[in-house]
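Peer 1:
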Amino acid sequence: MTELFYSSTSQQEEQGGLHVLAIGAGHYPHLGSPGTVDVFGHLEELTSPAVSARWFAERLRDSPSAEWAVPPKSIDLLTSEPGQETFTTKRAQIQQAFDQWHQRCRSHPANIGLFYFCGHGFQHDNHLLLTSDFAESVHNRFAGSFDFDNTRRALAHNGPVTQCFIIDACRSPLPTSEARQQARFSTPLLASFSVRRKACQAGLTLRVSLGEEGAADRYKASAFTKAVTKALQGHAAELDGETGRWVVSNQSIGTAIGAILQETVGNDVTAPPVAIEHDGRYHIFRRLNSPPTGTLELSCDPGMAQARARLSYEPLPGGGDQRVTRRKASAMPWRVPIQAGHHKVDARFPDGDYTDASDMVFAVPPVCQKKLWVAR
């Protein structure tokens with residue numbers, strides 16, 4: 025296990041902390057064991073999870089600690105890559121790291137627990153996540169796995185007040201009846217269920233929808249992980265009407281994550297739907313020190329005017345010296361980075377074929393789409 029970050033400050037102080045456990049399981053050396061292919065199909069080792077987990081954890085570590093509702097206190101990282109001789113993503117290793125993370129999460133009532141997993145997964149009655157020793161025993165292949173949904177249910181009664189789960193793994197159904205029979209023996213990382221009042225008062229779970237598969241380019245962080253990271257960094261921010269500051273909350277992430285993922289994969293590909301599960305009340309994760317940056321998509325109607333328009337925007341209050349203008353007219357909408365807030369947008373027609381038009385927009389990340397209506 026790699027301790028990417030650990031604060032030596034006493035856990036007994038008044039302010040709680042953010043505790044992160046990030047797991048990227050890519051090494052699965054037993055996928056070709058006798059009978060496994062017949063039961064589970066041709067699963068392959070994965071090159072993205074280690075990169076994705078490190079991408080996610082390092083960006084949390086490097087974010088401004090003062091912006092978090094409670095500062096980062098610990099970030100533990102477990103990864104494995106294909107062919108790696110020494111790795112930390114077997115079930116027993118994950119269990120040990122989980123136990124330590126769980127203890128830290130419960131050390132202060134204001135703590136936030138954030139659990140991240142990237143690797144192989146299946147959907148049966150529950151979402152089952154595979155560890156690197158999956159299929160090591162042909163008599164109990166799911167000894168190398170854990171039941172995520174039952175883990176999460178147990179944490180709701182025995183974890184911190186605020187909990188966040190990011191699961192970057194497939195939820196495709198098990199392919200054979202034998203696989204479905206064996207899946208009954210996958211167990212949770214935390215088996216302590218309680219009838220007492222739930223401990224979790226603000227929870228957020230993000231993962232692909234039922235039946236969907238995860239995807240990533242080889243040796244690169246996945247689009248899903250990048251999208252969640254962007255959301256936490258501010259692409260999912262909303263304006264807090266009481267304080268006037270831009271904040272990232274469990275609800276704002278849930279609202280924006282689909283659009284952020286689509287932006288991440290690009291407009292030529294349809295992003296997979298994201299399952300968003302809230303548990304409890306509204307909770308702010310970060311209060312940003314400055315307005316976040318999103319994307320302005322500015323166009324004209326009718327579309328034939330687009331190729332003749334000189335498009336621009338300027339922040340309000342501002343002045344002409346802050347105006348940003350499209351360098352070259354195009355039939356495509358103008359997509360440009362823009363700071364969140366109030367702006368004036370313009371479409372000007374030097375040749376006089378259409379009348380100039382302008383309007384006001386309140387840009388909110390991740391994408392602000394605005395169409396200017398023009399007339400001849």
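Note that the numbering used here has the sequence shown beginning at 25, numbered continuously upward. Backbone N, C-alpha and C define an ideal beta-carbon position, used for all residues, glycine too. Keep in mind the model is a prediction, meaning the values are calculated, not measured.
1) Around the C-beta of W358, are 16 or more other C-beta atoms found within 10 angstroms, so that it is buried, or is it exposed?
2) Helix, strand or coil for M384? Go by DSSP, reduced to three states.
3) Would W79 and A226 qualify as a contact pair, given that the criterion is a beta-carbon distance under 7 Å?
4) Can you list, in chain order, the residues of its chain whose CB lies under 8 Å from that of C224, leaving out five sequence neighbours each side?
5) Could you say which of L256, G107, S131 lies nearest to K97 if we only look at CA atoms?
6) Beta strand (DSSP E) containing A49: first to last residue?
7) Closest to L45 by CA distance: which of G59, K352, A77 is it?
8) Could you round the C-beta distance between L67 and Y52 to whole angstroms and report it? I think they count as a contact, below 8 Å.
9) Using DSSP bridges, identify the partner residues of G411.
10) Measure the alpha-carbon distance for Q286 versus S216 and round it to whole angstroms.
11) Going along the chain, which unbroken runs of the beta strand (DSSP E) with 3 or more residues stay wholly within the segment 303-382?
12) Considering Cα atoms alone, identify which of C129, H126, Y140 is closest to T113.
13) For the candidate residues E338, N291, R351, whose alpha-carbon lies nearest to that of A331?
14) Measuring alpha carbon to alpha carbon, tell me which residue in L84, T71, F64, G282 is nearest R310.
15) Nearest-angstrom Cα distance between G258 and P389?
16) Q36 to Q127, Cα distance in whole Å?
17) In three-state DSSP terms, what is A167?
18) With a 10 Å radius around its C-beta and 16 neighbouring C-beta atoms as the bar for buried, classify G397 as buried or exposed.
19) For A399, which of helix, strand or coil comes out of DSSP?
20) With DSSP collapsed to three states, give me the class of V293.
21) Sorted by chain position, which residues of the same chain lie with C-beta nearer than 6 Å to A199's C-beta, five sequence neighbours on each side aside?
22) Please look up how many angstroms separate the CB atoms of D370 and S354, rounded, as I've assumed it's under 8 Å.
23) Can you tell me whether V271 is buried or exposed, with buried defined as 16 or more other CB within 10 angstroms of its CB?
24) Less than 7 Å separating the beta-carbons of D24 and S201?
25) Since R128 is in the alpha helix (DSSP H), which residue starts that stretch and which ends it?
26) Can you give me the C-alpha to C-alpha distance between A333 and A207, rounded to a whole angstrom?
27) Among L102, K250, C142, A134, whose alpha-carbon lies nearest the alpha-carbon of R195?
28) What did DSSP end up calling T249 once you bin it into helix, strand or coil?
29) What is the DSSP secondary structure of A402, counted as helix, strand or coil?
30) Output the distance between the C-alpha atoms of S104 and G48, rounded to the nearest integer angstrom.
31) What are the residues that DSSP puts in a beta bridge with K394?
32) Where does F29 land, buried or exposed, given buried means 16+ other C-beta within 10 angstroms?
33) Taking the alpha-carbon positions, what's the D149 to N174 distance?
34) Are E321 and K368 closer than 7 Å when you measure CB to CB?
35) Looking at the unbroken beta strand (DSSP E) that takes in D62, where does it start and where does it end?
36) Could you check which residue in A90, A387, M328 has the C-alpha nearest to that of A399?
Peer 2: By the coordinates alone:
1) buried
2) strand
3) no
4) L179, A180, H181, G183, P184, V185, T186, Q187, D303, G304
5) S131
6) 42-49
7) A77
8) 7 Å
9) This structure cannot settle anything about residue 411, because the visible part of the chain is limited to 25 through 400.
10) 38 Å
11) 308-311, 317-325, 334-339, 358-363, 365-372
12) Y140
13) R351
14) L84
15) 8 Å
16) For Q36, the predicted structure reports a pLDDT of 44, less than 50, and the residue's modelled location is therefore unreliable. A value from the coordinates is still provided. Straight-line Cα distance between these residues: approximately 13 Å.
17) helix
18) Correcting the residue identity first, residue 397 is Trp in this sequence and not Gly. W397 is exposed by the Cβ-count criterion.
19) coil
20) coil
21) Looking at the sequence shown, residue 199 is not Ala but Pro. The residues are G65.
22) Going by Cβ atoms, the distance from D370 to S354 rounds to 16 Å, so no, they are not a contact pair.
23) buried
24) Here the chain covers residues 25 to 400 and nothing more, so residue 24 does not appear.
25) 115-129
26) 60 Å
27) C142
28) helix
29) The question about residue 402 has no answer here: the residues shown for the chain are numbered 25 through 400.
30) 6 Å
31) L322
32) buried
33) 10 Å
34) no
35) Segment 60-64 is the alpha helix (DSSP H) holding D62; no beta strand (DSSP E) there.
36) M328
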